[in-house]
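Here the protein sequences line up with chains A and B, keeping their order. With the working numbering, letter number 28 in the first sequence gets 28, and the count goes up by one each step, no holes. So the working numbering is basically just the index in the second sequence, starting at one, shifted up by 1000. Here a beta-carbon is modelled for each residue, glycine too, at the ideal position from N, C-alpha and C.
Protein chains: 2
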Amino acid sequence: MGNATLRPPAKAAAAQRLIRAAGQRLTAPRTAVLAVLLDAKRALTHHEIGSALAPGVPVDRVTVYRVLDWLVTLGLAHRIPGEDRTWRFVASRVDSHGPHAHFTCSRCGKTVCLEAVATPPDVKVPRGFLPQKVELTVQGLCASCH
Amino acid sequence: MGNATLRPPAKAAAAQRLIRAAGQRLTAPRTAVLAVLLDAKRALTHHEIGSALAPGVPVDRVTVYRVLDWLVTLGLAHRIPGEDRTWRFVASRVDSHGPHAHFTCSRCGKTVCLEAVATPPDVKVPRGFLPQKVELTVQGLCASCH
DNA sequence: GAGCGGGACGCAACCGAATTGCATCTGCAC
DNA sequence: GTGCAGATGCAATTCGGTTGCGTCCCGCTC
Ligand SMILES: [Mn+2]
Ligand SMILES: [Mn+2]
Ligand SMILES: [Zn+2]
Ligand SMILES: [Zn+2]
Chain A
1 MGNATLRPPA
11 KAAAAQRLIR
21 AAGQRLTAPR
31 TAVLAVLLDA
41 KRALTHHEIG
51 SALAPGVPVD
61 RVTVYRVLDW
71 LVTLGLAHRI
81 PGEDRTWRFV
91 ASRVDSHGPH
101 AHFTCSRCGK
111 TVCLEAVATP
121 PDVKVPRGFL
131 PQKVELTVQG
141 LCASCH
Chain B
1001 MGNATLRPPA
1011 KAAAAQRLIR
1021 AAGQRLTAPR
1031 TAVLAVLLDA
1041 KRALTHHEIG
1051 SALAPGVPVD
1061 RVTVYRVLDW
1071 LVTLGLAHRI
1081 PGEDRTWRFV
1091 ASRVDSHGPH
1101 AHFTCSRCGK
1111 TVCLEAVATP
1121 PDVKVPRGFL
1131 PQKVELTVQG
1141 LCASCH
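What follows is the structure, encoded as structure tokens:
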């Protein structure tokens, strides 16, 4: 796995800083994957992340999956379920910690966070049910698809 | 595919009526699958539907998938994307035509429609984006899981 | 009640995302 | 520098869903 464009060194440094700050073991795959997410302007699939990795550091597919899981449990990234049954991943910016909505283009699959849209804080659920998280996804067409 | 419990004949008759009313060809698999959905009190996975089918009418997996797709395009059922990357299906009752939210138990996967919760009619999306559908899913624990 | 034609079905092969098992390697605390 | 828990690589596997194709049968016509 690897591709053409080099990751800006700044993003790699930021990734390392975040991993260290979380008190976690620093490895090349972890740094590389997180750097890709930090550099992305939209949610990325596992496949997109794999091919965005710098060619110098080949990372196994399975490792990418494991790093992503680990980033999610750590809170450094969040995972968005897609209509096409694939997860997409975004680095959790400091300014986007709260619950928020997502937009997915039904034609090209492009997915972005909608920071402006607040998810309804209170929903009516049946007796005995315990709501924990609200997922709000807007489907439609992105700017380049309509 | 087939299991132990017989489908109430009333549901089979209702299924036939709905298919006829839609001006579609009436077949045993279609009747059987729709009857299962009409009888269900919650959203069912493809697998659950398969094993809920009356044993007398064996239906191929692929046919179940195709019937479900067909029911969805016909508007007789709707499909709910799950956190576990599987679709769940519900018959679209006459009284639940509008957009509505869903609840999914994060422990047992049980999924139900939340008729009472309306999805936000208007959401702010980036310039040039065209919203078309809003998906609202509440995650949490169902009555028997907490 | 035959005859017919297009859509529906069954079967087998396939696909792609994600997971698991296991041997090997390595970051880092000491 | 050493030791070891934890991380990685590789191969195999699972699993939900799809595709291709030959056969079947629903429903219209006469
Ligand atoms: Mn987001
Ligand atoms: Mn519903
Ligand atoms: Zn698009
Ligand atoms: Zn439950």
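Backbone CA spacing between residue i and residue j [nearest angstrom]
i               : j               : result
A1010 (chain B) : A1028 (chain B) : 15 Å
Q43 (chain A)   : V1125 (chain B) : For clarity, residue 43 (chain A) is Ala in the given sequence; the question names Gln instead. The alpha-carbon atoms of A43 (chain A) and V1125 (chain B) are separated by roughly 16 Å.
A1022 (chain B) : P131 (chain A)  : 37 Å
P1099 (chain B) : V1062 (chain B) : 28 Å
H1046 (chain B) : G1056 (chain B) : 19 Å
F1089 (chain B) : A1035 (chain B) : 12 Å
G1075 (chain B) : S1092 (chain B) : 7 Å
P81 (chain A)   : L18 (chain A)   : 25 Å
A118 (chain A)  : V112 (chain A)  : 14 Å
A14 (chain A)   : V1123 (chain B) : 33 Å
R66 (chain A)   : R1020 (chain B) : 50 Å
Q1024 (chain B) : A77 (chain A)   : 47 Å
E1083 (chain B) : A12 (chain A)   : 31 Å
I49 (chain A)   : L114 (chain A)  : 21 Å
L1026 (chain B) : A1032 (chain B) : 11 Å
R85 (chain A)   : L141 (chain A)  : 18 Å
D60 (chain A)   : C105 (chain A)  : 29 Å
W1087 (chain B) : A1040 (chain B) : 15 Å
A1143 (chain B) : V1094 (chain B) : 26 Å
G1128 (chain B) : H1146 (chain B) : 44 Å
L68 (chain A)   : S51 (chain A)   : 15 Å
K133 (chain A)  : R79 (chain A)   : 13 Å
T1137 (chain B) : L1053 (chain B) : 28 Å
A116 (chain A)  : L37 (chain A)   : 21 Å
CB contact below 8 Å: residue i versus chain A
i               : result
E1083 (chain B) : yes
C1108 (chain B) : no
P1131 (chain B) : yes
H1047 (chain B) : no
T1137 (chain B) : yes
G1098 (chain B) : no
C1142 (chain B) : yes
T1005 (chain B) : Confidence at T1005 (chain B) is low in this model, with a pLDDT of 49, below 50, so its placement is unreliable and no value can be given for it.
G1125 (chain B) : Note that residue 1125 (chain B) is Val in the sequence shown, not Gly. True, the Cβ-Cβ gap to chain A drops below 8 Å.
V1134 (chain B) : yes
Any C-beta of chain B under 8 Å from that of residue i
i              : result
A22 (chain A)  : no
A77 (chain A)  : no
L26 (chain A)  : no
A101 (chain A) : yes
L114 (chain A) : yes
V67 (chain A)  : no
V117 (chain A) : yes
What does the shell around ligand 3 hold, if a residue joins when its beta-carbon is under 5 Å from any heavy atom? This criterion selects A:C105, A:R107, A:C108, A:K110, A:C142 and A:C145.
Counting only Cβ-Cβ distances shorter than 8 Å, please list the residues of the stretch 1029-1061 of chain B near chain A, keeping chain order. Residues: none.
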